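In my numbering, the protein residues as written are 473 to 1223. Please read the structure below before turning to the comments.
Okay, here's the thing in structure tokens:
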């Protein structure tokens, strides 16, 4: 057997032997590989010597360009696995109905798969339209409708054929749901259209800081002229505004508006209010940064390098800078030296090493709150008692966010008169300054951390807004990340089908994977040390083949390395090491069309009239779409716009700029409404009993998007319009949002 044939056999065994190493747990498992796989080891190491010189001649930068795109997307674009699985259950359902689109059937036939049914004589008749359940045939093997999705999730050839016959994973970056996300962020996928310089574009994109209004209110009583006593709310002076005040003045004014029963309460209340402002700004800023930066890389990979600024982007990544950040443990400013490529989060994703949480915590979305808590010697999320003063303090922050720019944050207080600790708040000032007042282009380690945070946030926004993803607890995140790992392995195996093991253009071949392992050595190394590293690099290369590049040698993936996130802890969800929200899907509902619970949910929440399925405006499904999918504020804080919408049963989430109105809604809200406003009601957690209902809402939204995509990429104008529960020519979720917006506009015009 030739070297190429041996390697090819090893690659083909990779998907079946994917249980050799768990990329999620990092535990070595007993290897049960075939004799062919074992015998290839000698050949592999013999090839390494010949490969080394060529690998180094390639240069590291070209590979880093590819890795930045491929590995960031693989680790943070959480919608891809669910999108692929959901598309397959839609196809399976159309096979069961005997109504399969003709163009999809023809496309599958080009890949060797015929769609048809069995006649009364037991003969397979090729047809995509029949009154009988359809099946798929290839080389004499029959794939029945009820096993189609499962088969497609384990058979690389069928998986690849389906993507060729319909659409690939990148389609979800360009559909209506994705375009809505990019519009809300205020950034396009074509920021360099005018051939502007890299820094000019990046500074313009980042120079749009959130404008935050902050105030508090207290409940007071008064007596009218007839002697009747009544209650009312009054604000604590004028609002503090981030746009017009420097950091020191902003912190001081916010502190003066946050009295408490004790110094600790007042300090934590101030810190949490500023933390929410910081989080909102960081989420928007990092998302815009990621989209604008990655444009040059994605265009270059697509062969449009002349329309990108790839050289400047790569120089920016390699440039070493000294920056300052507040150490959350001490509250002191420290200097950090390095390039964006050396930031703990980006280094973790590029090399597969475990992220250094001790460093990343200083860039966390909870960093301001953590500084205050540490200075006050309070327990944190991982060790806190149920009645923690931290949780008590931060559960009262109410916020409202417009799409970009404008934010309102408020709190309600009783008769507390104690003031905050100014020494502790002084240590918060540099963080507030860098977050809310600085619009410059980040450098060094700061830039690397912001890039990864942006990747996580954009991946989350695309998954939530379009497909109904939700936050979850550790078990939910871990369960879905296993699904992601399986998807990546399947994608890698599908990519290898038509490639030689020596093809270095793909990270999924043996030699291509090895090239990228060398490129991940970011520090300059000598040729001698490179040769001594060969065994470990080869092992990582083989492991990546087994897990589809999911970094099998790492004890944790980036999204399963959780931070110390007190805000998330208020609703029992976990966040990344930076405390960015992790989006998840509940894979237990993938059998939706055969699930009586899903059928009952659809019947209760939708209406079928004249062949068109529509969503009931005041249903649980409508609430899920409006208050989970459309949410703009950070999870764990109370969304004032959601409270207002629930109270008045309006058809959208309004931006509440009037702090008094927002806080009055908060004071009168029921526990149920507060749970929806904080996001707790929609969290995929063991503690949330509501999830047993909302998990079906998530699946409905996910299937609706997959069906819409299948329609969009089909030349058959009637494709999938009779799909059970999703009848009609339009995505029911998009149609619902459009109709609700039209109702809102009409109401606004009434006298």
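All C-beta atoms, glycine included, are put in the ideal place defined by N, C-alpha and C. Nothing here was measured: the structure is a model prediction, and the numbers come from that model.
Residues near residue 496 by beta carbon distance below 7 Å, same chain, minus five either side: Since pLDDT at residue 496 reaches only 38, below the 50 mark, its modelled position is unreliable, and no value is offered.
Whole-angstrom distance between residue 927 and residue 758, CA atom to CA atom: 8 Å
Where residue 1085 sits in the DSSP three-state scheme: strand
Given 8 Å, three or more beta-carbon pairs between the region 1071 to 1083 and the region 1137 to 1148: no
Three-way DSSP call (helix, strand, coil) for residue 895 in this model: helix
Length-filtered (3 minimum) beta strand (DSSP E) runs lying within the region 598 to 668: 607 to 610 and 613 to 616
Beta-carbon gap between residue 753 and residue 797 smaller than 8 Å: no
Opening and closing residue of the beta strand (DSSP E) in which residue 687 lies: 683 to 695
Cβ distance (whole Å) where residue 1050 is taken to contact residue 832 below 8 Å: 6 Å
Where the beta strand (DSSP E) containing residue 581 begins and where it ends: Counting along the chain, residue 581 falls outside any beta strand (DSSP E), though it belongs to the alpha helix (DSSP H) covering 574 to 582.
Backbone secondary structure at residue 1203 - three-state DSSP: coil
Buried or exposed by the 16-neighbour rule on C-beta atoms within 10 Å, applied to residue 716: exposed
Nearest-angstrom Cα separation, counted from residue 888 out to residue 1204: 49 Å
Host beta strand (DSSP E) of residue 1061 (start-end): Here residue 1061 belongs to no beta strand (DSSP E), and DSSP marks it neither H nor E.
Contacting residues, own chain, Cβ-Cβ under 7 Å from residue 913 (five flanking each side not counted): 671, 674, 675 and 678
Cut-off 6 Å between Cβ atoms - residues of its own chain near residue 943, not counting five sequence neighbours on either side: 1045, 1053, 1107 and 1155
Given residue 785 as reference, the closest of 769, 1159 and 800 once Cα atoms are compared: 769
C-beta contact flag for residue 1129 and residue 880 at 8 Å: yes
C-beta contact flag for residue 779 and residue 538 at 8 Å: no
Reduced DSSP category for residue 937 - H, G, I as helix; E, B as strand; rest coil: helix
Chain-order list of residues whose beta-carbon lies under 7 Å from that of residue 744 (same chain, five-residue window excluded): 841, 865, 866 and 869
Straight-line Cα distance separating residue 624 from residue 668: 44 Å
Beta-carbon proximity of residue 813 to residue 790, cut-off 8 Å: yes
Cβ pair residue 863, residue 1038 closer than 8 Å: yes
Neighbourhood of residue 980 by C-beta distance below 6 Å, restricted to the same chain and skipping five residues each side: 964, 967 and 968
6 Å CB neighbourhood of residue 1152 in its chain, flanking five on each side removed: 1043
Residue 584 classed as buried or exposed, judged by whether at least 16 other C-beta atoms fall within 10 angstroms: exposed
Distance between residue 550 and residue 1166 (C-alpha atoms, nearest Å): 19 Å
Option nearest residue 658 by Cα separation, candidates 686, 620, 884 and 875: 875
Residue span of the alpha helix (DSSP H) that contains residue 1073, given as start and end: 1068 to 1077
Stretch-stretch touch, CB-based, cutoff 8 Å, three pairs: the region 575 to 590 with the region 624 to 640: yes
Residue 1035 burial status per 10 Å Cβ neighbour count (16 or more: buried): buried
Exposed unless 16 or more other CB atoms sit within 10 angstroms - verdict on residue 604: exposed
Assumed close pair residue 839, residue 894 - CB separation to whole angstroms, cut-off 8 Å: At roughly 19 Å, the Cβ-Cβ gap does not stay under 8 Å, so residue 839 and residue 894 are not in contact.
Where residue 836 falls, given that 16 or more other Cβ within 10 Å makes a residue buried: buried
Beta-carbon spacing of residue 1176, residue 555 below 8 Å: no
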